[in-house]
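Numbering follows the numbering used here, in which position 28 of the sequence shown is assigned residue number 32; successive positions increment by one, without gaps. Heads up, the beta-carbon is just placed ideally off N, CA and C, and yes, glycines get one too. All values reported here derive from a predicted model rather than from experimental measurement. In what follows, a single structure is set out as structure tokens and then discussed.
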Amino acid sequence: PIVPILTGSIAWIFSFSDYSSLLQPGLQLSVSDEADFLLGVMIGLGDRPEVTSSGLVLGSEFGTYPTIWYMEFKFYF
């Protein structure tokens, strides 16, 4: 934990076939005994798709992923 009420996490998925990755860092804040607030981002790393005269060519598995930010609020009862 960063401090007792704030923890960090990171997840990493790697594709051996094209050397692309999906990186997902996050933070979790305990706002009370029964509630948590989460904030994170998913980042696709790899060759981006290209548009050619013959159509769309995918560069890599995770290179097609956009960067996605998310928030989550959890209640427990």
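What does a CB cutoff of less than 6 angstroms around residue i pick up in its chain, not counting 5 residues either side in sequence?
{"i": "residue 59", "result": "none"}
{"i": "residue 76", "result": "42"}
{"i": "residue 50", "result": "24, 64, 66, 67"}
{"i": "residue 17", "result": "26"}
Between which two residues does the beta strand (DSSP E) holding residue i run?
{"i": "residue 14", "result": "10-18"}
{"i": "residue 74", "result": "72-79"}
{"i": "residue 31", "result": "25-36"}
For residue i and residue j, I'd like the C-alpha separation in whole angstroms.
{"i": "residue 46", "j": "residue 57", "result": "31 angstroms"}
{"i": "residue 48", "j": "residue 13", "result": "17 angstroms"}
{"i": "residue 40", "j": "residue 34", "result": "5 angstroms"}
Assign residue i to one of three DSSP states: helix, strand, or coil.
{"i": "residue 59", "result": "strand"}
{"i": "residue 41", "result": "strand"}
{"i": "residue 65", "result": "coil"}
{"i": "residue 48", "result": "strand"}
Could you check whether residue j and residue i sit closer than 7 angstroms to each other, using their CB atoms as the reference points?
{"i": "residue 53", "j": "residue 68", "result": "yes"}
{"i": "residue 66", "j": "residue 21", "result": "no"}
Ordered along the chain, which non-local residues of its own chain (more than five positions away) have a Cβ less than 8 angstroms from that of residue i?
{"i": "residue 19", "result": "25, 50, 64, 65, 66"}
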